[in-house]
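Peer 1:
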Amino acid sequence: MSAALELRDVAAGFEGRAVLHKVDLSLEPGEVLGLVGPNGAGKTTLVRVATRLVRAERGSVLVEGRPLESIPRSELARTIAVVPQETQIPFAFRALEVVLMGRAPHLGLLGFETARDLAIANAALERVGVAHLADRPLPLLSGGERQLVVVARALAQDAPIWLLDEPTAFLDLRHRLEVLELVREVTREGRSALVVSHDLGLASRFCDRLAVLAEGEIIAVGRPSQVLVPPVIRRAFGIDATILEGPDGAPLVVPRLASAAA
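Position one of the sequence shown corresponds to residue 6 (this note's numbering), numbered consecutively onward.
#1: Distance, Cα to Cα, R210 vs T119?
#2: Please determine, among A216, I224 and Q152, the residue with the shortest C-alpha to C-alpha distance to I94.
#3: What runs of the beta strand (DSSP E), each 3 residues or longer, lie entirely inside the segment 140–182?
#4: Counting pairs of Cβ atoms below 8 angstroms between the segment 98–106 and the segment 39–50, do you hit three or more?
#5: Among Q162, R83 and L146, which one has its Cα closest to the Cα of L123?
#6: Does R278 pass the burial test, meaning 16 or more other C-beta atoms within 10 Å, or should it be called exposed?
#7: Alpha carbon to alpha carbon, what distance is there between V28 and E74?
#8: Given A61, which residues of its chain have a CB within under 6 angstroms of its CB, disregarding the five upstream and five downstream residues?
#9: Determine whether the beta carbon atoms of A164 and A82 lie at a separation below 9 angstroms.
#10: Can you tell me which of the three DSSP states P110 falls into?
#11: Output the boundary residues of the beta strand (DSSP E) element that contains G70.
#12: If I measure Cβ to Cβ from S7 and keep anything under 6 angstroms in the same chain, skipping five residues before and after, which residues do I get?
#13: Roughly how far, in whole angstroms, is the beta-carbon of L257 from the beta-carbon of G206, given that I think they are within contact range, below 8 angstroms?
#14: Given V37, which residues of its chain have a CB within under 7 angstroms of its CB, disregarding the five upstream and five downstream residues?
#15: Can you tell me whether DSSP reads V188 as helix, strand or coil?
#16: Hey, quick one: how far does the alpha helix (DSSP H) through E250 stretch, first residue to last?
#17: Does the distance from the C-beta atom of L143 to that of V103 stay below 9 angstroms?
#18: Between which residues of its own chain and A139 is the CB-CB distance below 6 angstroms, once the five residues before and five after are set aside?
#19: Use the C-beta contact count for R158: other C-beta atoms within 10 angstroms, 16 or more gives buried, fewer gives exposed.
#20: For G148, which residues of its own chain have a beta-carbon under 8 angstroms away from its beta-carbon, when the five flanking residues on both sides are left out?
#21: Would you mind working out which of H180, L185, R181 and L40 sits nearest A225, comparing C-alpha positions?
#22: Hey, could you find the ends of the alpha helix (DSSP H) A61 is sitting in?
#23: DSSP three-state label for L262, please.
#24: In whole angstroms, what separates the C-alpha of T247 from that of T84?
#25: Is S202 buried or exposed, if buried means 16 or more other CB atoms sit within 10 Å of its CB?
#26: Using only the alpha-carbon positions, how far apart do P172 and L178 sit?
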């Protein structure tokens with residue numbers, strides 16, 4: 006079976022600056038793959054390369070075994086759902102209207118939503134826990150509420166591949182857990198998810214595998230217990246750390262303070 010998403014020897018950048026130098030990474034069917042690393046490592050650029058928003062200068066990107074550049078835009082929208090760090094929507098759409106945008110790749114030539122599309126959108130809002138916000142204009146929502154609506158849009162899009170760039174950045178702890186539980190649920194239903202995260206603790210708990218991106222390259226990939234080890238933490242983040250075992254068996258990274266080491 007082909008990988009859901011595969012990057013082979015990918016190099017990319019923007020505005021004349023090289024960001025990704027040599028990236029080899031595969032997202033397997035039915036898994037949650039966490040992408041972690043320091044600020045500026047190129048995590049968001051990698052997501053943009055995988056969605057054709059940034060062109061790979063070298064290497065290849067395969068989606069379900071097919072070259073990314075060969076896939077029509079409409080088909081790509083049915084295949085990959087993206088949850089960005091921030092979503093800029095210029096007009097005061099209601100939350101339900103935003104979620105219905107996720108159905109756009111599935112609409113017919115006339116572009117009108119059917120009763121089924123409306124039911125799917127409402128079910129997505131319900132599943133994410135924001136059905137009560139359906140008629141609320143997006144500008145009146147908090148940052149966390151807006152992010153939950155965008156997650157519901159991805160759910161309504163019904164794409165087999167999810168790319169989530171810091172999906173929990175604006176959420177409180179409870180909603181972070183709920184969103185990551187949802188991501189894990191949808192992969193158990195057959196989807197694949199690449200999740201960019203700065204939270205090593207949550208990533209180690211919810212991801213099947215982790216990939217560490219540093220200095221434009223993947224420097225480690227594997228199960229959380231294989232990846233979150235002192236040498237990798239030191240190389241990626243420039244800090245020393247102690248690795249403990251959490252109550253659920255997931256590795257817990259405890260940074261060592263410079264003052265304590267002195």
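Heads up, the beta-carbon is just placed ideally off N, CA and C, and yes, glycines get one too.
Peer 2: The structure says:
#1: 39 angstroms
#2: Q152
#3: 166–170
#4: no
#5: Q162
#6: Because the chain spans 6 through 267 in this model, residue 278 falls outside it and cannot be assessed.
#7: 18 angstroms
#8: V15, A17 and V54
#9: yes
#10: helix
#11: No beta strand (DSSP E) contains G70, which DSSP labels as neither H nor E.
#12: E69 and G70
#13: 6 angstroms
#14: V188, R189, T192, A198, V200, F211, C212 and D213
#15: helix
#16: Run containing E250: none in the alpha helix (DSSP H); it sits in the beta strand (DSSP E), A246 to E250.
#17: yes
#18: A100, L101 and L130
#19: buried
#20: F175
#21: L40
#22: It is not in any alpha helix (DSSP H) - A61 carries neither H nor E in the DSSP assignment.
#23: coil
#24: 40 angstroms
#25: buried
#26: 12 angstroms
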